[in-house]
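Residue numbers (the working numbering): 1 to 295.
Encoded as structure tokens, the structure appears first; notes follow it.
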């Protein structure tokens, strides 16, 4: 029903849905599948879910995860002596690493940004066929204009975690400083975005898996400055988790970046407690960095 309500707010027909409504449903489904359900990362208008365009976004974090997968397979294949497989996946990893640093990386703010694709027709001759059929038959390919989403999101540092650049390199050190300059860092950890929309993957929410990735990335790749900032973020995150537990007796899925001891909120449901990724991130960070409350 949430998707239908979103379509109705967008002024689109729902019974039956037309092509624009079906595209909206695809973008909503893709946003949910991404795990970031929902965030201004996916919106054409930063404040409005009805402008979601997930299927037109090339995510920096997804490409980071794919890089890590390709590199892992190459490394495992090498260990097992599977030379052809190792070479195949090492080439894939090298190609993706190059793409991340050529297309996604911005020298202006030292972050890897999502790319937005705007359709720009097709490459080739349709041969008198309808465009959809010509694309389906492989006669032509669709092309698009690409621009970076220049917003600051916690996902922009996933490529660093995946080894997009060498440890201690100028690019890695610049990425560490970029988080300090981004405005995402607060008393409770690292927020997901800078825009407060009421969506759960935006300001002021802190999500444990993303904070863990940033901490781990800075520790492994960021040199002395990265190590220091990793430890600082870890203590801020652990402090809000612990303070929230003392106040409520619960471990929550997300937290508030602005206030110690406050669960996160927003989205389509009440904040959930439990919670596996919070427990896992907290245990790992305490084991690696200890716990020194920041409040």
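Glycine is no exception: its CB is placed at the ideal position from the N, C-alpha and C atoms.
Keep in mind that this is a model prediction, so the values were computed, not measured.
Considering only the beta carbon of each residue, do residue i and residue j sit closer than 9 Å?
i           : j           : result
residue 209 : residue 157 : no
residue 6   : residue 58  : no
residue 188 : residue 240 : yes
residue 221 : residue 160 : yes
residue 51  : residue 23  : no
residue 265 : residue 171 : no
residue 197 : residue 46  : yes
residue 205 : residue 256 : yes
residue 154 : residue 176 : no
residue 216 : residue 230 : yes
residue 275 : residue 251 : yes
residue 182 : residue 111 : yes
residue 20  : residue 28  : no
residue 167 : residue 193 : no
residue 369 : residue 218 : One cannot answer for residue 369 here, as it falls past the ends of the chain, which runs 1 to 295.
residue 283 : residue 223 : no
Among the options, which has the Cα closest to the Cα of residue i?
i           : options            : result
residue 292 : 92, 235, 98, 80    : 235
residue 99  : 63, 182, 128       : 63
residue 44  : 279, 225, 147, 250 : 147
residue 149 : 214, 60, 230       : 60
residue 127 : 139, 117, 116      : 139
residue 180 : 203, 3, 228, 65    : 228
residue 270 : 31, 89, 254, 90    : 254
residue 281 : 68, 213, 9         : 213
residue 202 : 77, 42, 28         : 42
residue 186 : 262, 114, 116      : 262
residue 163 : 53, 33, 245, 65    : 65
residue 67  : 294, 9, 165, 233   : 165
residue 267 : 117, 219, 31, 173  : 31
residue 295 : 284, 223, 194, 242 : 242
residue 26  : 1, 8, 53, 2        : 53
residue 178 : 125, 137, 113, 136 : 113
What first and last residue would you give for the alpha helix (DSSP H) that runs through residue i?
i           : result
residue 160 : 158 to 161
residue 210 : 208 to 221
residue 68  : 60 to 80
residue 21  : 19 to 34
residue 90  : 83 to 99
residue 9   : 2 to 9
residue 136 : 131 to 136
Name the DSSP beta bridge partners of residue i, please?
i           : result
residue 314 : Since the first residue shown for the chain is 1 and the last is 295, residue 314 is missing from the structure and cannot be characterised.
residue 255 : 206, 263
residue 275 : DSSP lists no partner for residue 275.
residue 14  : 17
residue 185 : 190
residue 111 : 106
residue 52  : 43
residue 57  : 116
Along the beta strand (DSSP E) that carries residue i, what are the first and last residues, could you check?
i           : result
residue 123 : 115 to 123
residue 145 : 141 to 148
Using 8 Å as the Cβ pair cut-off and three pairs as the minimum, do the segment 10 to 23 and the segment 33 to 42 touch?
-> Judged by Cβ distances under 8 Å, the segment 10 to 23 makes no contact with the segment 33 to 42, as fewer than three pairs qualify.
How about the segment 116 to 128 and the segment 142 to 153: do they share at least three Cβ pairs that are nearer than 8 Å?
-> Segments in contact, yes.
Can you find at least 3 beta carbon pairs, one from the segment 78 to 92 and one from the segment 100 to 119, that sit closer than 8 Å?
-> The segment 100 to 119 and the segment 78 to 92 do not touch, with fewer than three beta-carbon pairs separated by less than 8 Å.
Taking contact to mean at least 3 C-beta pairs separated by less than 8 Å, is the segment 127 to 135 in contact with the segment 66 to 73?
-> Short answer: they don't touch.
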